[in-house]
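Undergrad: Numbering of the sequence shown is given in our numbering, commencing with residue -18 and proceeding in unit increments. All residues carry an ideal CB built from backbone N, CA and C; glycine is no exception. Predicted, not measured: the structure shown is a model, and the values here were computed from it.
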Amino acid sequence: MLSVTDLDVFHGDAQALSGVSIEVEEGAIVAIVGANGAGKSSLIRTIAGMHRPAQGRILFRRQDIAGWPSHRVCNLGIGQVAEGRQVFPTLTVVENLDMGAMLPRARASREKNRERVLALFPKLAERASQAAGTLSGGEQQMLAIGRCLMGAPELVMFDEPSLGLAPAVVQDVLKTIRDLNREGLTCILVEQNVAVSLKLASRAYVLENGRITLSGSGEALLADDRVRQAYLGL
Ligand SMILES: Nc1ncnc2c1ncn2[C@@H]1O[C@H](COP(=O)(O)OP(=O)(O)O)[C@@H](O)[C@H]1O
Ligand SMILES: [Mg+2]
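Set out below in structure tokens:
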């Protein structure tokens, strides 16, 4: 579905990604793990069209989208749940959701998608006309996911969805991602929470200082001594 080849990305003079290649098969959950500053968000944001790569190809369904503006990338069906949730605090839950349905691909199905999202997240349905800023952190993360789903994506990139949430809520968010995947959504999951994301992932990549240093099935990386020492403290 998505094939990134030999991607180089710079922020000014500083190189954030060097020769990064990843493959995402339709229906998969692919985890990208790595320490703070490794380049995970740079990768997601480049795929999403928010950074222009200096080099490399980003093929989505065989079309090279490298350098496309983000609105065109979104309209192909590539959604993003950005780091830090970023809901509009003074808008209501429903208004936030409807912001996600502005894409041409999703406009006509807005009502149907909103019903589906509110059925998926009953807490959001209960708080439909409440300002988003009054929601708990976990509810705001659900709202950010719901808003992304309003764009009718086929591939969603989740950037650190568990960051800053209580452990029980982290489990809810990850279960939501697993359920969405079972319904057919292809997912890229970026996490510092390495153990949890490798358990969920069919395929995973370790990113260190802008380079992919290891890849394999989630299971294989969980058992890998280098991963266990560097990321799991075992
Ligand atoms: N907009 C930016 N301008 C300059 N440097 C940036 C910018 N975004 C990220 N960086 C730098 O790029 C590197 C990778 O950052 P990032 O992709 O955010 O990593 P991660 O998401 O893995 O924590 C870091 O050294 C970070 O400081
Ligand atoms: Mg990041």
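What do you get for residue 94, buried or exposed, if any count of 16 or more other CB atoms within 10 angstroms of its CB means buried?
TA: buried
Undergrad: Comparing alpha-carbon positions, which option in 11, 111, 96, 173 lies nearest residue 68?
TA: 111
Undergrad: Return yes when the Cβ of residue 212 is within less than 7 Å of the Cβ of residue 175, no when it is not.
TA: yes
Undergrad: Roughly how many whole angstroms lie between the Cα atoms of residue -12 and residue 78?
TA: 33 Å
Undergrad: Could you name the residues, in chain order, whose CB is less than 7 Å away from a heavy atom belonging to ligand 2?
TA: 21, 22, 64, 140, 141, 171
Undergrad: Give every residue of the same chain whose Cβ lies closer than 8 Å to the Cβ of residue 75, excluding the five residues on either side of it in the sequence, and list them in chain order.
TA: 95, 109, 110
Undergrad: Whole angstroms is fine: what's the gap from residue 154's alpha carbon to residue -9's?
TA: 32 Å
Undergrad: Can we count residue 48 as close to ligand 1, meaning its CB is less than 6 Å from some heavy atom?
TA: Not so, every heavy atom of ligand 1 lies at least 6 Å from the Cβ.
Undergrad: Quick one: measure Cβ to Cβ for residue 13 and residue 169, integer angstroms, because I've assumed they're closer than 8 Å.
TA: 7 Å
Undergrad: How about residue 92 and residue 104: are their beta carbons less than 7 Å apart?
TA: no
Undergrad: Relative to the C-alpha of residue 161, which candidate in 146, 134, 114 has its C-alpha closest?
TA: 134
Undergrad: Specify whether the segment -5 to 5 and the segment 44 to 62 touch according to this definition: at least 3 beta carbon pairs, one from each stretch, less than 8 Å apart.
TA: no
Undergrad: If I'm right that residue 140 touches residue 22 with Cβ under 8 Å, what's the distance once you round it to whole angstroms?
TA: 6 Å
Undergrad: According to DSSP, is residue 131 part of a helix, a strand, or is it coil?
TA: coil
Undergrad: When the distance is taken between beta carbons, is residue 123 closer than 7 Å to residue 25?
TA: no
Undergrad: What residue range does the alpha helix (DSSP H) around residue 210 cover?
TA: For residue 210, the enclosing alpha helix (DSSP H) starts and ends at 206 to 212.
Undergrad: Given this structure, state the Cα-to-Cα distance separating residue 241 from residue 90, to the nearest angstrom.
TA: What is shown of the chain runs -18 to 215, which leaves residue 241 out entirely.
Undergrad: Which residues in the same chain as residue 209 place their Cβ atom closer than 7 Å to its Cβ, once the five residues preceding and following it in sequence are excluded?
TA: Same-chain partners within the cutoff: 215.
Undergrad: Going by the CB atoms, is the gap between residue 197 and residue 223 shorter than 7 Å?
TA: Missing from the structure shown is residue 223; the chain here goes from -18 to 215 and no further.
Undergrad: Roughly how many whole angstroms lie between the Cα atoms of residue 204 and residue 148?
TA: 23 Å
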